[in-house]
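Comments concern the structure below.
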Amino acid sequence: MPSVVLLAIAAMSLSLPLLAWSILTRPDRDHRQIAANLRRGLLSTATHPVSRSPDPAGPHGFSAVARRLTPTGSVRRLDRLLARAGRPPAWPMGRLLAAKVILPLVGGALSLLNVAVNPGTLAILTGSVVTVVCYFVPDLLLHSRGQERSQKIALELPDTLDQMTIAVEAGLGFDSAMARAGKNGKGPLAEELVRTMQDIQVGQSRRQAYEALAARVGVPDLRKFVRAIIQADLYGISVADVLRTQAAEMRMKRRQRAEEKAMQIPVKVIFPLMLCILPVLFIVLLGPAVMGIVAAFT
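If you read the sequence shown in my numbering, its first letter stands for residue 948, the second for the next number, and so on.
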């Protein structure tokens, strides 16, 4: 009988993650339709027909149910995290909401099986913690991705400002300099500059587009630069002077952050040294002496 229970638990443990994976990794219907619209006119519709079969992961499938089950505040928080992470194409909003519903169900089902086999307070607490962690796994992944992207943007900002300063001093306007920096650059900052210029082209005011850029990225240095540009545009200050001053300040801050990380290294090394290296060293040095003392007294 216990072997049958263990086999059932193993089968459930394998089937539930596979079910979650099959649902979450389905191609998104919105992205397929967008790709088909972009290819329209470039490829022959006779040789490349557009598939219109219903998709459970699409807006009318499981993602719509997940959106209704998720609180509005959680949806807005996920949208902010997605914007800060650069909106990865592999994880649209519908797939994230589906993950926030499926992962806790999988974790809860596995936890119930564990409690059924090994009843006890520890199993119940462990199952509860696992279920809660499974619910917040998408948020944690997006937060980590957003932090990495923000660090890259902070590192790229001084060099990009230098490029924009050179372009403005050469006679280009600020918008043209930003467009050139976004076109010639690589990385998340160039993508955000291109997105800002697209917002201006579709009808947003410059101030709204710049403020949306600062709110979307969430980098303090970029937010400060945006405020300086808005004030320069409002009061008629030379943009070239603002760019030059901001670039010099960003370079100084980048150097200070590097020096700060270098000063933190000795403090961070203390704990691995105390926990991993010193005990082994004491065993090697004092072990023979202790063994000799024990042998002498016995």
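For glycine and all other residues, C-beta sits at the position ideal for the given N, C-alpha and C.
Check your understanding: How do the stretch 1084–1091 and the stretch 1057–1074 stand: do at least 3 beta-carbon pairs fall below 8 Å, yes or no?
Key -> In short, these stretches do not touch, since the Cβ pair count stays below three.
Review point. In chain order, what residues of the same chain have a beta carbon less than 7 Å from the beta carbon of A1101, not counting five sequence neighbours either side?
Key: V1166 and D1168
Review point. For G1129, which of R1142, G1120, L1119 and A1117 has the nearest alpha-carbon?
Key: R1142
Review point. If we count the other Cβ atoms within 10 Å of its Cβ and call it buried at 16 or more, is Y1157 buried or exposed?
Key: buried
Review point. Rounded C-beta distance between A1175 and Q1193? I'm assuming under 8 Å.
Key: 6 Å
Review point. Which term fits F1172, buried or exposed, when burial requires 16 or more other beta carbons within 10 angstroms of its beta carbon?
Key: buried
Review point. Are the beta-carbon atoms of L1016 and V1048 separated by less than 8 Å?
Key: yes
Practice item. Just the C-alpha distance for I1240 and I1217, rounded to the nearest angstrom, thanks. Key: 31 Å
**Study point:** Own chain partners of V1115 with C-beta closer than 8 Å, once the 5 adjacent residues on each side are dropped
**Key:** Around V1115: F1121, A1124, V1186, A1187 and L1190.
Exercise for review: With DSSP as the reference, label G1165 as helix, strand or coil.
Suggested key: coil
Check your understanding: Would you call L1136 buried or exposed, if buried means 16 or more other Cβ atoms sit within 10 Å of its Cβ?
Key -> buried
Practice item. Determine the direct distance from the alpha carbon of V1149 to that of L1029, and round the result to whole angstroms. Key: 22 Å
Check your understanding: What is the DSSP secondary structure of N1061, reduced to helix, strand or coil?
Key -> helix
Practice item. Figure out for me which residue from G1041, L1140, G1067 and R1031 has the closest Cα to the Cα of E1095. Key: R1031
**Study point:** Collapsed DSSP secondary structure at I1247 in the structure displayed
**Key:** Absent from the structure is residue 1247, since the part of the chain shown begins at 948 and ends at 1245.
Practice item. My understanding is that A1013 touches A1045, with C-beta atoms under 8 Å, so please give their C-beta distance in whole angstroms. Key: 5 Å
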